[in-house]
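S.K.:
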Amino acid sequence: MKRVKSISLTVIFILSSVFLLGSKPISCQRRYETVLIGVVEEAERYLIIEQHLYPIVKVRHDDYIPLSYLQQAGISIKEIEGITYLQETKERGTYKLALNLKDALAYMNDTPVYCGNIRSYALKTREELLIPVAALKGLWMIKPHEGAYEASKKINLSDDNLIEMTETTIKNSSNHVMRISWVSLFWNGKAFIELPKREVLFEPGESRLLEEPNGKGLTYVTTLLTCVNEELLDIADTFGQKDTSFFMHYTAVVRSEALNQLFPRYTIRAMMKYTIGSLEAKSRIELWRAEKRNYFVVKDKKGKKFQVPYNSIHIDGDWGTLSSKPSAADIEDFVTLNQLESKTSYLLWTDIYRQRTHVLKKQEGIWHLEKTFVCSTGKNINPTPQGLYEVQYTIPFIGMDKGYRCKNALVFYRDYMFHSILFDKTGKYIKSGQYELGQKASHGCIRLSEEDSAWLYQHIPVGSTVWIR
1 MKRVKSISLT VIFILSSVFL LGSKPISCQR RYETVLIGVV EEAERYLIIE QHLYPIVKVR
61 HDDYIPLSYL QQAGISIKEI EGITYLQETK ERGTYKLALN LKDALAYMND TPVYCGNIRS
121 YALKTREELL IPVAALKGLW MIKPHEGAYE ASKKINLSDD NLIEMTETTI KNSSNHVMRI
181 SWVSLFWNGK AFIELPKREV LFEPGESRLL EEPNGKGLTY VTTLLTCVNE ELLDIADTFG
241 QKDTSFFMHY TAVVRSEALN QLFPRYTIRA MMKYTIGSLE AKSRIELWRA EKRNYFVVKD
301 KKGKKFQVPY NSIHIDGDWG TLSSKPSAAD IEDFVTLNQL ESKTSYLLWT DIYRQRTHVL
361 KKQEGIWHLE KTFVCSTGKN INPTPQGLYE VQYTIPFIGM DKGYRCKNAL VFYRDYMFHS
421 ILFDKTGKYI KSGQYELGQK ASHGCIRLSE EDSAWLYQHI PVGSTVWIR
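The sequence shown begins at 1 in the numbering used here and counts up one residue at a time.
1) Go ahead and label lysine 124 buried or exposed: buried means 16 or more other beta carbons lie within 10 angstroms of its beta carbon, across all protein chains shown.
2) Do proline 66 and leucine 130 have their C-beta atoms within less than 8 Å of each other?
3) Check the Cβ-Cβ distances between tyrosine 69 and every residue of chain B, and say whether any is below 8 Å.
4) Determine the DSSP secondary structure at aspartate 452, reduced to helix, strand or coil.
5) Leucine 259 and leucine 340 look like a contact to me (Cβ under 8 Å); what is the Cβ gap, rounded to whole Å?
6) Here's the rule: buried if 16 or more other CB atoms are within 10 angstroms of the residue's CB, otherwise exposed. What is proline 326?
7) CB-CB under 8 Å to glutamine 363, same chain, minus the five flanking residues each way: which ones, in chain order?
8) Report all residues from its chain with a CB closer than 6 Å to the CB of glutamate 150; omit the five preceding and five following residues, and keep chain order.
9) Starting from the Cα of glycine 215, find the closest Cα among Leu225, Asn188, Thr321 and give me that residue.
10) Report the option in Lys190, Glu211, Arg269, Trp288 whose CA atom is closest to the CA atom of proline 383.
11) Here's a check: name, in chain order, each residue in its chain whose Cβ is nearer than 8 Å to the Cβ of glutamine 355, leaving out the five neighbours to either side.
12) Quick one, are the C-beta atoms of tyrosine 85 and lysine 78 less than 8 Å apart?
13) Considering only the alpha carbon of each residue, which of Pro309, Val228, Ile285, Tyr353 lies closest to arginine 198?
14) Please state whether the Cβ-Cβ distance between asparagine 117 and tyrosine 32 is less than 8 Å.
15) Rounded to whole angstroms, what is the Cα-Cα separation between phenylalanine 397 and glycine 403?
16) Would you list the residues sitting across from threonine 222 in a DSSP beta bridge?
17) Can the beta-carbon of phenylalanine 239 be found closer than 8 Å to that of lysine 137?
18) If you draw a straight line from the C-alpha of proline 196 to the C-alpha of serine 323, how long is it?
19) Serine 420 by DSSP, collapsed to three states: which one?
20) Quick test of your reading: alanine 106 and valine 59, contact by CB under 8 Å. State the CB separation rounded to the nearest angstrom.
21) Just to confirm the assignment: which complete beta strand (DSSP E) runs, minimum length 3, are found wholly within the segment 354-408?
22) With three or more beta-carbon pairs closer than 8 Å as the criterion, would you say the segment 202-213 touches the segment 173-188?
23) When the Cα of glutamate 44 is compared with those of Ile37, Gly38, Leu209, Pro55, which residue comes out closest?
24) Answer yes or no: do leucine 225 and tryptophan 182 have a C-beta to C-beta separation smaller than 8 Å?
25) In three-state DSSP terms, what is arginine 255?
26) What residues are listed by DSSP as bridge partners for glycine 215?
27) Is it right to say alanine 134 is buried, meaning 16 or more other beta carbons lie within 10 angstroms of its own, or is it exposed?
28) Could you give the distance in angstroms between the alpha-carbon of lysine 304 and the alpha-carbon of serine 312?
29) Use the C-beta contact count for aspartate 243: other C-beta atoms within 10 angstroms, 16 or more gives buried, fewer gives exposed.
30) Helix, strand or coil: how does DSSP classify lysine 137 here?
31) My output table needs one value for leucine 287: the three-state DSSP class, helix, strand or coil.
32) Do you know how far the Cα of glutamine 51 is from the Cα of glycine 365?
33) Who are the Cβ neighbours of leucine 279 in its own chain at under 8 Å, not counting the five residues just before and after it?
34) Report the start-end ranges of each beta strand (DSSP E) in the segment 34-99 that is 3 residues or longer and not cut off at the edges.
35) In the structure shown, what three-state DSSP assignment does histidine 145 receive?
36) Label serine 76 either buried or exposed according to how many other C-beta atoms from any shown protein chain fall within 10 Å of its C-beta, with 16 as the threshold for buried.
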C-alpha cells in the first residue's frame, strides 16, 4: 500500500442538512473510504480468553485485536457479499502468536465487520484486519481486568441471540413471536444522527427492512437492539461505534484526500543530460528554481536539493492550467487541513495549476477567503519556487534600471515577489503581461494586475505567510 503522510487534522468541513425519517431500505453510504487512519503501536495490554493472552494493538487512541488472534480464540469467519461476519464457536484454534504489526500503516477497511449482531468499522494493514476491542462485546462479555481485557461467555437473559442482523434487514430467526425494538445510527460528517426507536412485533422467521433518514452525506454506522420481548438491553453501550473523535478524524482524512486531488501539487519534471554526483544521466528529477541562467536547483526522489549547471538538464514543457473552479469552502478547508498559520491575520496562497492567488483572512481562529486574483507565475524554465514563505518587505516599484516599472512589490523569498504587470519607466503605459495573466509567463515572480497588486500592497502586512503550491 502506498505510504500516505498522516497529518494532524484539526478542522473538518461542515455538512448542513435537514434529516427526515424515511421508510425505504438503507441506501445511503454503507462502505467506507480506504484512507490512512494511523500507525499501529503496541498497546501493552492483552485480551484474556480462557487464560490465553492475546496482544492488543493501538491505532491513535483506540484498542484493536488482530482478526487472526480471534480465529485462534475460536471465532468463525463468514463472508457474505464482501461483509465479514464473526461468530463464536466452541472449537479453539492453535494458540500461536507470531504477528509483528508495530509501525504498520492502518487504513479504514472499506466494508464493516459484524461481531455477532454488532455492525462495526474495522481497520486493515497489509496483512491483517483489526477489530475494535469495544465491538467484541457483541460476542463476549468484555471487562477490564488489571490493565487487560477479560472475555467471558455472554449470559443471554433475553432472546437477542435469536435475532439476525444484516446490512439492510433485521430478522427473527426463532420459532416464536418476538417484540423487538432498535435504533439505527448514522454519521453526517459532523455528528451522529440517531433515528427514533422502532418497535415491531415479528412473526417467526420474519424479516424487516431497516430504515434510513432522508438527507445527503450520510454514512450508515450501526443498528443497536434496545429491547427484546420486554427485556431492556444496555443501550448506553454503543460498542465503540458512537466514537465522535474517531469519525471526525476519518471524515477529515477523507476530506483532505479529496482536496489533495482537487488541488494537485504542480511538479516541473526534468531529466539529467549527464551524471553529476549522485544524479545519474537520464534520471528524472524535479526542478525547484533557476538562478539567472547560471544554475538550477533541483530535487531528487527523496526531496534533497542539488545545484546543477544551467545546461545539465532537459526540462519538460508546461502542463497548462486547470479550468475547474473550487469553491470558497474548498479553498478554506485546504488551507485549514494543511495547518497553515501566519504571524498576521492574512495568508496568501498561490495555486500554480490554476494561476490564481487566494487571500485568506483569519477571523475568530478560522480562515476565510477574502479575495482571489488571477496571476502569472514563472515559466517552467524559470519556475516560482514552491514552499512556505512570508512577506519580508515591500517596495513601491522595481525595474527602473532595466527599462521598465513593476509596481506594488511584496518580496517573499530572495528576489521573488508579488508585483504588477510590466509598465514603461514612467508607470503610465503597460509594456507587457496584461494578456498573459492566467498563464505561466514570468521569470519567477508572481505578476498581478495593477489593481490587484495595489490591493495586496495596501492590505497585506509584512510577516504574512505566503504558500506557493
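No residue lacks a Cβ here, since even glycine has one placed at the ideal position from N, Cα and C. Note that the structure is predicted; figures quoted are calculated from it, not measured.
M.R.: Based on what the coordinates show:
1) Indexing the sequence shown from 1 puts residue 124 at position 124. Looking at its Cβ environment, which holds 16 or more other Cβ atoms inside 10 Å, lysine 124 is buried.
2) Locating residue 66 in the sequence shown gives position 66, counting from the first residue. Locating residue 130 in the sequence shown gives position 130, counting from the first residue. For proline 66 and leucine 130, yes; Cβs fall inside 8 Å.
3) Any reference to chain B falls outside this structure, which holds one protein chain only.
4) As a position in the sequence shown, residue 452 is number 452, starting the count at 1. It is helical.
5) The residue given as residue 259 occupies position 259 in the sequence shown. The residue given as residue 340 occupies position 340 in the sequence shown. That belief does not hold up - the Cβ atoms of leucine 259 and leucine 340 are roughly 13 Å apart, past 8 Å.
6) Locating residue 326 in the sequence shown gives position 326, where the first residue counts as 1. Proline 326 is buried by the Cβ-count criterion.
7) Numbered from its first residue, the sequence shown carries residue 363 at position 363. Hits under 8 Å: Ser345.
8) The residue labelled residue 150 in the question sits at position 150 within the sequence shown. Same-chain partners within the cutoff: Ile48, Lys143.
9) Looking up residue 215 in the sequence shown gives position 215. Cα-wise, what sits closest to glycine 215 is Asn188.
10) Along the sequence shown, read from residue 1 onward, the residue named residue 383 stands at position 383. Ranking Lys190, Glu211, Arg269, Trp288 by Cα distance to proline 383 puts Trp288 first.
11) In the sequence shown, the residue the question calls residue 355 occupies position 355. Answer for glutamine 355: Thr321, Val374, Cys375, Ser376, Thr377, Leu437, Gly438, Gln439, Lys440, listed in chain order.
12) Translated into positions along the sequence shown, residue 85 becomes position 85. Translated into positions along the sequence shown, residue 78 becomes position 78. Yes; because the gap between Cβ atoms is below 8 Å, this pair is in contact.
13) Here residue 198 is taken as the residue at index 198 of the sequence shown, counted from 1. The candidate whose alpha carbon is nearest that of arginine 198 is Val228.
14) Here residue 117 refers to the residue found at position 117 when the sequence shown is read from its first residue. Here residue 32 refers to the residue found at position 32 when the sequence shown is read from its first residue. Not a contact, by the Cβ cut-off of 8 Å.
15) If you number the sequence shown from 1, residue 397 lands on position 397. If you number the sequence shown from 1, residue 403 lands on position 403. Straight-line Cα distance between these residues: approximately 12 Å.
16) Here the question's residue 222 lines up with position 222 in the sequence shown. Looking at the DSSP assignment, threonine 222 forms a beta bridge with Leu185.
17) Counting from 1 along the sequence shown, the entry for residue 239 is found at position 239. Counting from 1 along the sequence shown, the entry for residue 137 is found at position 137. Result yes, Cβ atoms of phenylalanine 239 and lysine 137 sit closer than 8 Å.
18) For the purposes of this step, residue 196 is taken as the residue at position 196 of the sequence shown. For the purposes of this step, residue 323 is taken as the residue at position 323 of the sequence shown. Straight-line Cα distance between these residues: approximately 45 Å.
19) Here residue 420 is taken as the residue at index 420 of the sequence shown, counted from 1. In this structure, serine 420 counts as strand in the three-state DSSP scheme.
20) By 1-based counting over the sequence shown, the position of residue 106 is 106. By 1-based counting over the sequence shown, the position of residue 59 is 59. Indeed, because the Cβ distance is near 5 Å, the residues count as touching under 8 Å.
21) 356-363, 366-374, 387-390, 393-398
22) yes
23) By 1-based counting over the sequence shown, the position of residue 44 is 44. The option with the nearest alpha carbon to glutamate 44 is Pro55.
24) For the purposes of this step, residue 225 is taken as the residue at position 225 of the sequence shown. For the purposes of this step, residue 182 is taken as the residue at position 182 of the sequence shown. Yes.
25) Here residue 255 is taken as the residue at index 255 of the sequence shown, counted from 1. Helix at arginine 255.
26) Start at 1 with the first residue of the sequence shown, and residue 215 comes out as number 215. Paired residues: none, contrary to the question.
27) As a working note, residue 134 is residue 134 in the sequence shown. Under this definition alanine 134 is a buried residue.
28) For the purposes of this step, residue 304 is taken as residue 304 along the sequence shown, with counting starting at 1. For the purposes of this step, residue 312 is taken as residue 312 along the sequence shown, with counting starting at 1. So the alpha carbons of these two residues sit roughly 17 Å apart.
29) In the sequence shown, counting from the first residue as 1, residue 243 sits at position 243. Buried: at least 16 other Cβ atoms inside 10 Å.
30) Residue numbering aside, residue 137 sits at position 137 when the sequence shown is read from its first letter. Residue state, collapsed to three classes: helix.
31) Indexing the sequence shown from 1 puts residue 287 at position 287. In the structure shown, leucine 287 sits in a strand (DSSP, three-state: E or B).
32) Sequence index remark: in the sequence shown, residue 365 carries index 365 (1-based). Sequence index remark: in the sequence shown, residue 51 carries index 51 (1-based). Spanning the two alpha carbons is a distance of roughly 52 Å.
33) As a first step, residue 279 must be located in the sequence shown, where it is residue number 279. So the list reads Met272, Ile285, Val298, Asp300, Phe306, Val308, once near-sequence residues are dropped.
34) 36-49, 52-59, 62-66, 75-80, 83-88
35) By 1-based counting over the sequence shown, the position of residue 145 is 145. Note: histidine 145 maps to strand in three-state DSSP.
36) As a working mapping, residue 76 is identified with position 76 in the sequence shown. Classification for serine 76: exposed.
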